[in-house]
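Structure, as structure tokens:
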Amino acid sequence: MAAIHEAAPTAAAGAMPARPGLLPQLWPFAALLALALLLPLTGNEYWALIATRACIYWVLVSGLNLIVGFAGQLAIGYVSLLTVGAYTASVLAAGNLLEPLHPALALAAAAALGAVFGVVVGLPALRLRTFYFAMTTLGFATIVTQVALAWQDVTGGGIGITGPSLPAPFDTAWGFYYLCLALAALCTWITGNVARSRFGRALVTTRDAEVAAEASGIAKPRLLILVFLLAGALAGFAGGLFATLQTYITPDAFTFDLSLLFFIAVLIGGRGSILGPLLGTLLLTLLPEVAAPLAAWSTFLYAALLLVIVLAIPGGIASLIDARNRRKLPENRAVIPRPELLPALLGQQPKHAGLTLRDIVLSFGGVRAIDGLDLDLRPGEVHGLIGPNGSGKTTTLNVISGYYRPETGAMTCDGGPLPAGDAVGRAARGIARTFQTPRVVGEASVIENVMVGATIEGRTGFLEALLSLPRQRREERMLEDRARQALQAVGLGALADIRADRLQHSELRFMEIARALMLRPAFLMLDEPAAGLSTDEIKRLDQLIRGVSRQGIGVLLVEHHADLIFEICDRITVLNLGKVLAAGTPEEIRSHKEVVSAYLGG
Amino acid sequence: MLASILASGLAVGAIYALIGITYNTMFATSRVMSFTAGQLGMLGGVLGSFFALRLGLPILLALPLTLAACALVGVITEYVAVRPVLKSLDQHLYVLSTLALALMIQQVTALTWSTEPQPFPRLLGIGEGVWDEKYWLPVLACAVTIIGLEWLYRHTLVGRAFLAVAEDNFAARALGLPERNLRIASYALAGAIGALAGFAGGQLLLAFFANGPLLNFYGFVPVALGGLGNNRGAVIGGILLGLFQQAANFMVGGIFSSVAVFALFIIVLLAAPQGMFGAPAARRV
Chain A
1 MAAIHEAAPT AAAGAMPARP GLLPQLWPFA ALLALALLLP LTGNEYWALI ATRACIYWVL
61 VSGLNLIVGF AGQLAIGYVS LLTVGAYTAS VLAAGNLLEP LHPALALAAA AALGAVFGVV
121 VGLPALRLRT FYFAMTTLGF ATIVTQVALA WQDVTGGGIG ITGPSLPAPF DTAWGFYYLC
181 LALAALCTWI TGNVARSRFG RALVTTRDAE VAAEASGIAK PRLLILVFLL AGALAGFAGG
241 LFATLQTYIT PDAFTFDLSL LFFIAVLIGG RGSILGPLLG TLLLTLLPEV AAPLAAWSTF
301 LYAALLLVIV LAIPGGIASL IDARNRRKLP ENRAVIPRPE LLPALLGQQP KHAGLTLRDI
361 VLSFGGVRAI DGLDLDLRPG EVHGLIGPNG SGKTTTLNVI SGYYRPETGA MTCDGGPLPA
421 GDAVGRAARG IARTFQTPRV VGEASVIENV MVGATIEGRT GFLEALLSLP RQRREERMLE
481 DRARQALQAV GLGALADIRA DRLQHSELRF MEIARALMLR PAFLMLDEPA AGLSTDEIKR
541 LDQLIRGVSR QGIGVLLVEH HADLIFEICD RITVLNLGKV LAAGTPEEIR SHKEVVSAYL
601 GG
Chain B
603 MLASILASGL AVGAIYALIG ITYNTMFATS RVMSFTAGQL GMLGGVLGSF FALRLGLPIL
663 LALPLTLAAC ALVGVITEYV AVRPVLKSLD QHLYVLSTLA LALMIQQVTA LTWSTEPQPF
723 PRLLGIGEGV WDEKYWLPVL ACAVTIIGLE WLYRHTLVGR AFLAVAEDNF AARALGLPER
783 NLRIASYALA GAIGALAGFA GGQLLLAFFA NGPLLNFYGF VPVALGGLGN NRGAVIGGIL
843 LGLFQQAANF MVGGIFSSVA VFALFIIVLL AAPQGMFGAP AARRV
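Here's what the structure looks like:
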């Protein structure tokens, strides 16, 4: 083993690469803030109005960005929440419904109601994706305006209502501007915190690799509801500020154009970025000012812009300013795992009763994909699962990891029953897995992808993440250190900060193993980990898998490479047409007549 | 009152059903839900009024012209907003590209036609009261479309090719079916169906640029409730939606009927995400 390391080419073996500082990523924000703070020097109150508007829009867009840019949910009609917030704040401050409230309380109520409606509108997204969610947000936008028009004695109908007016020092153009600027900066900070926390990583993973997110124990509904609450509250609050800025609101103020503006600002900015959508918001707020003669065509221009972005630059501004990922990667790099790091990473698994499957049956239509399967996976053993295509190997894996629900049969894990289905609960039981086609987030860095594996270990709450409190920061550091360790162990240490979509296929396979190891699992299931790997890489994979099993982890290995299987497995189960054809030690399998004649060639 | 609820409910229900079929026809060959479906219905009304009223053409000429123009819009949709994003269907970029195109269509209509509802001509001049043609024409159009589609799918080679592509795109291509041409044809067909909905319902909805998003939503509800790609579900769902909406309209007023439809939509979707007649989702792992 050591020989391989000495012969190692350029990559990996070296010292831990330096952590990239946050500073280079922060200076654009600092520069923008400095510019914004200097704006009053112009003394031009019209500019104050425009800049205030941009700040208010950003308060909304920063939350929407988490939904559209990070969670990948196409919330198009977000103007509806701005409307809800604006009317709530105005109605409560004016006292049309109750006693007049203090404007600050009215704004808080606007945020609260915005949060509630944020979840209501988002509900369909919990079960359905994309077009449905886009439609419901659009439908909701129409309804809110209709209600505002019809509920005359409260909202003033088509005549409108005065917005809340804030007390001094926020009652002047510049005073209000500074307030909105401070809030915009706050929103940048908190949404940035969410984005860089385990919540942000989980969001992006549910977007691009939902199955992997489930296997890592990420419950999408809970996560989305948190984000809908936050984005809804920000949108409602922005609505209150918007009403204050307008001083007088009618349903006409909340055109569909605004929805488009918010939505396109995120898309122009680029998915999974904070700076990009911020620049997008500024750009789109300023655009109508410089292109006043085209006012009638504004919807058309926004729509055309949307089409161009989608077809030409799906990455948005963020992809254009991402210099870090344009640097060339060394060619000829090799993945050199360092199994000697595994004990430190994984610890020793405590004694465990193992995983058993008894008499599992599962059919798809008329086909019995698994037909009475028994399987025992013991801690510290490598168990090979082989058989021809369609014999039920991957299906077995999917039954164990809860994606398929067997019709009959029982599963146990560490002596207790392992419930059928419930893919999200598997990580908590110490069951980790990789996939036949790597399920990764291409736009996130390698280390972020790997950190997702330990999401369920996060103890800090959403609020702590929002404010980046010390406990949250400690936890992040712990996860990051472990992820770097895991990457070193699988041999990808040098590539930790590279975007995952720049990696080669074989490297992605090792990255998935690192993600699974982050969980410090009791069981690791590998679905054809050697597919597409070179002979050398397979040898190194072999050592990695042995190293993992030495830490007391039960490894279930689905593979076609007979060499690898017979080399490292302690036990092998041969499947054919969903049934166990043979089971035993490699020697027994090697001399099993049917197996030899069918697969090994006798 | 019951008679007028039934008459107007069936009429708008038939229009929603037709828009639903428009969605489905595009979906069948491309797996894309297009935001242009409602705009096609809107264009059917606007172009119908343009040809028949503004240009004064006879109905027998105005109808085919409207259908042809919308078929062309359908083909343009396929070229501009669908084909470029088909290769990355899982990213759902089509939602954005078709939305963008739909908005462009709507905005051009608003600027070149009118931002106010314009009258739509009486087509046949038959019937009055609840038997007025404006109520039964959409129902007739819906029936003709269903029968026409059934005939197409069951008795013509092209129709069967459609079904094959809808069933399994890859297998159909492997059999040598001209998948791309069939897709273009289905978008043209969808354009004509949408136009027919707008044309037949023109006297009810008028020639109004803002009908697009409305039809988009109310046409999508039956599709979502009936199950994507399921025309029977779309028709049943559309008619039920129309009756429900008009009943609510008459009894509690327009705003509450919108709220009621919206609430119903969300509740049913949460209970049955695949729709009531839909097939379960494909395997993910």
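In order, the protein sequences belong to chains A and B. Here this note's numbering is used: position 367 in the first sequence is 367, and no number is missing along the way. Here this note's numbering is used: position 230 in the second sequence is 832, and no number is missing along the way. Ideal placement from N, C-alpha and C gives every residue a C-beta, glycine not left out.
Closest Cβ-Cβ distance between residue i and chain B: below 8 angstroms?
i	result
A/Gly139	yes
A/Gly128	Note that residue 128 of chain A is Leu in the sequence shown, not Gly. Yes - at least one Cβ of chain B is within 8 angstroms of the one on A/Leu128.
A/Phe117	no
A/Leu132	As written in the sequence, residue 132 of chain A is Tyr, which differs from the Leu given in the question. Yes, contact with chain B.
A/Leu74	yes
A/Gln146	yes
A/Ile572	no
A/Ile370	no
A/Pro124	yes
A/Ala344	no
A/Met411	no
Where does residue i sit, in a helix, a strand or coil, going by DSSP?
i	result
A/Gln504	coil
A/Leu113	helix
A/Arg326	helix
B/Gly814	helix
B/Val687	helix
A/Lys579	strand
A/Gly384	strand
A/Leu373	strand
A/Ser90	helix
A/Phe237	helix
A/Asp208	helix
A/Phe364	strand
A/Met411	strand
A/Arg459	coil
A/Asp527	strand
A/Leu556	strand
B/Thr679	helix
B/Gly615	helix
A/Thr255	coil
A/Asp359	strand
A/Gln349	coil
List the whole-angstrom C-beta distance separating residue i from residue j, where the pair is believed to meet the contact cut-off of C-beta under 8 angstroms.
i	j	result
B/Gln720	B/Ser636	Contact flag wrong, Cβ pair sits at about 25 angstroms.
A/Gly236	A/Ala110	5 angstroms
B/Leu705	A/Pro314	Contact flag wrong, Cβ pair sits at about 19 angstroms.
B/Ile895	A/Leu123	The structure shown does not extend to residue 895 of chain B, since chain B is modelled only from 603 through 887, so no value can be given for it.
A/Val211	A/Arg439	5 angstroms
A/Thr162	A/Tyr302	Contact doesn't hold; Cβ gap of about 29 angstroms is too wide.
B/Val648	B/Leu806	Rounded, the Cβ-Cβ distance is 14 angstroms, inconsistent with contact.
A/Pro379	A/Ile553	7 angstroms
A/Pro388	A/Asn193	The pair is not a contact, with the Cβ atoms about 51 angstroms apart (cut-off 8 angstroms).
A/Arg515	A/Val452	6 angstroms
A/Phe254	A/Leu107	Contact doesn't hold; Cβ gap of about 17 angstroms is too wide.
A/Ala213	A/Ala202	6 angstroms
At the 8 angstroms Cβ level, is residue i part of the contact set with chain A, yes or no?
i	result
B/Pro815	yes
B/Val854	no
B/Ile857	yes
B/Val861	yes
B/Val675	no
Please list the residues of the segment 302-325 of chain A that have a C-beta atom closer than 9 angstroms to any C-beta atom in chain B, keeping them in chain order. Tyr302, Ala303, Ala304, Leu305, Leu306, Leu307, Val308, Ile309, Val310, Leu311 and Pro314
Should the segment 840-856 of chain B be called in touch with the segment 813-828 of chain B, which here means at least 3 C-beta pairs below 8 angstroms? yes
What are the residues in the segment 512-526 of chain A lying within 9 angstroms of chain B by C-beta distance? none
Measuring CB atoms only, is the segment 767-776 of chain B touching the segment 684-700 of chain B, in the sense that at least three cross pairs come out at less than 8 angstroms? no
Given 8 angstroms, three or more beta-carbon pairs between the segment 557-568 of chain A and the segment 368-387 of chain A: yes
Closer than 8 angstroms is the cut-off here; do at least three beta carbon pairs connect the segment 457-476 of chain A with the segment 319-330 of chain A? no
Name, going along the chain, the residues of the segment 865-877 of chain B whose beta-carbon falls closer than 8 angstroms to a beta-carbon of chain A. Phe867, Ile868, Leu871, Leu872 and Pro875
Report the residues of the segment 616-630 of chain B with a CB closer than 8 angstroms to any CB of chain A, ordered along the chain. none
Chain B contacts made by the segment 42-69 of chain A, where a contact means CB separation under 7 angstroms: none
Check whether the segment 293-310 of chain A and the segment 343-361 of chain A are in contact - that is, three or more C-beta pairs closer than 8 angstroms. no
Anything in the segment 265-291 of chain A with a Cβ closer than 8 angstroms to a Cβ of chain B? List those residues in chain order, please. Leu267
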